[in-house]
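Numbering (the working numbering), first residue to last: 31 to 212.
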């Protein structure tokens, strides 16, 4: 139930190749409750990516501050990438007072296959008593879920289709949208 809220469409049905440091939106106030969804298709092997000293490439990044080595709460709300060694989705978010919370350092889901399209959804939904459930689905299957007792609103959240601080993942994205429950 999306409470009658329409998603903000950032990319429609047509696939777009990512470019580094592409700011696509600024969200004045990101609610404690939201859904980020997108289709992702890996178009080249990760072995062809020059990761430099990084262990993850970037797909999308929601941030109120940017890239901070101190990892401020709200710097990743969420960040979605692919792990260099795992070839799986790597997703971090501000959860339970951890600014870089992730479910599994080994990545989320299965190893990504070239030219297969995956539908990824990252949710934070209200449960009760000020608590929210943060969860991830891939192709309709819920893979991870945790109760977030420190869900916060963030302001002036920048949305990047690949940020300026990490290597761009070799992917196409489509149907990229956010539902912001304000």
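Ideal Cβ positions, reconstructed from N, Cα and C, are used throughout, including at glycine.
Check: Are there three or more Cβ pairs, one per stretch, closer than 8 Å when the region 202 to 210 is compared with the region 77 to 84?
Finding: no
Next item on the list: Alpha carbon to alpha carbon, how far is residue 161 from residue 145? Give it in angstroms, no decimals.
Entry: 38 Å
Note to self: Taking only three categories from DSSP, how would you classify residue 78?
What the structure shows: helix
Checklist line | Opposing strand residues paired with residue 147 [DSSP bridges] | finding: 71
Next item on the list: Compare the Cα-Cα distances from residue 78 to each of 127, 114, 52, 163 and report the closest residue.
Entry: 114
Check: When we look at the beta-carbon of residue 124 and count the other beta-carbons within 10 Å, is it buried (16 or more) or exposed?
Finding: buried
Note to self: I need the DSSP call for residue 199, collapsed to helix, strand or coil.
What the structure shows: coil
Next item on the list: Tell me residue 111's beta-bridge partners as DSSP assigns them.
Entry: 88, 120
Item checked: Expected contact under 8 Å - CB spacing of residue 193 and residue 88 to nearest Å -> 5 Å
Note to self: For residue 72 and residue 211, what's the separation of their Cα atoms in angstroms?
What the structure shows: 30 Å
Next item on the list: Give the secondary structure of residue 193 by DSSP, where H, G and I count as helix, E and B as strand, and everything else as coil.
Entry: coil
Check: By Cβ distance below 8 Å, which residues in the same chain neighbour residue 106 in space, the five residues on each side in sequence not counted?
Finding: 91, 92, 93, 122, 123, 124, 129, 130
Next item on the list: Output the distance between the C-alpha atoms of residue 60 and residue 154, rounded to the nearest integer angstrom.
Entry: 11 Å
Checklist line | Nonlocal neighbours in the same chain, by C-beta distance under 8 Å from residue 56, ignoring five residues either side | finding: 186, 187, 188, 189
Note to self: Within a Cβ cutoff of 6 Å, which residues of the same chain sit near residue 164, ignoring the five residues on either side of it in sequence?
What the structure shows: 125, 154, 176, 178
Margin query: Please state whether the Cβ-Cβ distance between residue 156 and residue 166 is less than 8 Å.
Written below: no
Margin query: Assuming residue 59 is part of the beta strand (DSSP E), what are its boundary residues?
Written below: 53 to 60
Margin query: residue 66 and residue 191 - do their beta-carbons sit closer together than 8 Å?
Written below: no
Notebook entry, point to check: Taking the C-alpha atoms as reference points, what is the distance between residue 104 and residue 184?
Noted result: 7 Å
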